[in-house]
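Working notes, structure below.
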C-alpha cells in the first residue's frame, strides 16, 4: 500500500511536469500564431491600401472584396481576416438599396466583434434610416461619420450606448433635430467634427471630455458656450461666420489647447472673440486677419501676453495676402519660429480629416 502511494505521488509529479511543459509549448505556439496573424493582417491591409479607420468602398478596385476573387486560397484568407471588413462606407446612391444593405450586413458579419469605422454618406427617408441603423451595431462604433441629405430629420441615428465611440462627424442639414449624447453613452468620445447645417443650440455632447473639436460655419454666440465647457481640448478648428458679438464675451480658458485654426470666409471684420481667449499652452495658431482688426499686431501681442503662451508656428490668413506685410509680424514676434501668410480658404467637408493635425 505504501509503495503504491509513493508510486502515485511520483506519477502525479511527473504528469504535472509534463502538463507544465505542454502548457509552455502551447503558449509559445499561440504567440507564434498571433505574430503570423498580425503579419498576415498587415500584408492584406497593405494590399488593399486603405488603412483603418479610413473606409474603402463596398465595391471596386479599392474594396477588400478584390482579394476574394484572386484565387480560392486568397479568398479563404481574406474572409478569415475580420480587420479587413471593419471599416464600411455606405454610398449615397440608393438605386439598389436592398443590395447595399445586404453587402453592409455581410461586411459586418465578416468583421466579427472588432470595433467599427462607419460612414453613411446620405440619410434619406425614415424607412431607409431605420433599416440602416438596424444593421450597424452602435455598440461597436469607434469612428462614425453621418451626412443627412434630406430636408427631414433622420430618425434613430444616435440613440443608446456607444461604449467604443472615439470619433464622430456630423454633416448636412438636420432640420433642427435635437442631437444628444451623454458621457455615460459615449465615455471614450474624444473627437467631434460638426459641419454646417446643424443648430448647435440643439446639440448636446460631453464637451468636457473632448480633446479635438471642429465646428464649421458657426456663429460666435453658438461656439463660445461650447468652448467654455470643452476645457480639455488640445486641437480645435473653427469656421466662424456672422457679425461681432454684441456683448463682451466671458473668458474662454482652454488650458491644454496646443493648436487653434480659425477661419472666416467673409470680408467683414469680427472683433471681440480673440479678446476672450486665454490659451496658455498654445503652440500653433492659424488666424484670419479679420479677427485681429485694423491693429492686428497689437491685438495679437495682447492675446499672446494675456495667454502667456509660447507660439512656435503662426499662420495669418487673408483674402489678399499681398496686402499684409509679413516683415511687420516677424519684427513684432521674433520668438515665433515660423510665421507665414496664406490666402483665406473656405474649408470643405473633406478638409476635416480623421487626422486634422496632418493638414497643418
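Numbering (the numbering used here), first residue to last: 2 to 361. Even glycine gets a Cβ: it sits at the ideal position worked out from N, Cα and C.
Which listed residue (the options) has its alpha carbon closest to that of residue i
i	options	result
residue 223	240, 234, 236	240
residue 166	172, 173, 179, 211	211
residue 258	283, 99, 277, 7	283
residue 316	344, 287, 112	287
residue 238	59, 144, 218	218
residue 189	23, 141, 227, 74	141
residue 301	266, 337, 320	337
residue 277	183, 229, 265, 68	229
residue 83	195, 39, 73, 91	39
residue 280	137, 345, 310	310
residue 262	244, 285, 31, 32	285
residue 90	80, 101, 81, 178	101
residue 163	148, 191, 216	191
residue 213	13, 220, 20, 194	194
residue 260	243, 274, 233	233
residue 53	112, 242, 107, 20	112
residue 265	332, 345, 28, 51	345
Straight-line gap, residue i to residue j (C-alpha atoms, nearest Å)
i	j	result
residue 15	residue 36	32 Å
residue 139	residue 159	8 Å
residue 351	residue 251	Summary for residue 351: the model assigns pLDDT 49, below 50, so the residue's position carries little reliability, and this model does not support an answer.
residue 364	residue 78	In the structure as shown, the chain begins at 2 and stops at 361. Residue 364 is therefore absent and cannot be evaluated.
residue 85	residue 119	13 Å
residue 156	residue 61	Bear in mind that a pLDDT of 48 at residue 156, under 50, signals an unreliable position, so the number given afterwards is only what the model happens to contain. Approximately 30 Å, taken between the alpha carbons.
residue 270	residue 110	53 Å
residue 235	residue 70	44 Å
residue 353	residue 187	At residue 353, the pLDDT of 49 sits below 50, so the modelled position is not reliable; the number obtained from the coordinates is stated separately. So the two alpha carbons sit approximately 21 Å from each other.
residue 55	residue 88	7 Å
residue 145	residue 340	35 Å
residue 231	residue 255	7 Å
residue 34	residue 26	12 Å
residue 173	residue 30	51 Å
residue 225	residue 104	42 Å
residue 148	residue 121	6 Å
residue 320	residue 221	21 Å
residue 242	residue 342	21 Å
residue 295	residue 180	39 Å
DSSP bridge partner residues for residue i (one or two, in chain order)
i	result
residue 181	205
residue 118	88, 144
residue 287	262, 316
residue 16	In DSSP, residue 16 forms no bridge with anything.
residue 1	No information on residue 1 is available, as it lies outside the stretch 2 to 361 that the chain covers here.
residue 342	317
residue 254	279
Residue burial classification, residue i (beta-carbon count within 10 angstroms, cutoff 16)
i	result
residue 291	buried
residue 209	exposed
residue 66	buried
residue 8	exposed
residue 318	buried
residue 196	buried
residue 171	buried
residue 297	buried
residue 304	buried
residue 299	exposed
residue 205	exposed
residue 117	buried
residue 202	exposed
residue 327	exposed
residue 17	exposed
residue 308	buried
The alpha helix (DSSP H) enclosing residue i, as first and last residue numbers
i	result
residue 297	297-308
residue 327	327-333
residue 105	98-111
residue 230	221-230
residue 80	73-80
residue 277	274-277
Within-8 Å CB hit, residue i to chain C
i	result
residue 190	Judged by its chain identifiers, the structure shown contains no chain C, having just a single protein chain.
Where the beta strand (DSSP E) containing residue i begins and where it ends
i	result
residue 237	236-242
residue 211	Segment: none, residue 211 is in no beta strand (DSSP E) and carries neither H nor E.
residue 67	Premise fails: residue 67 is in no beta strand (DSSP E) and is neither H nor E.
residue 172	168-173
residue 195	192-195
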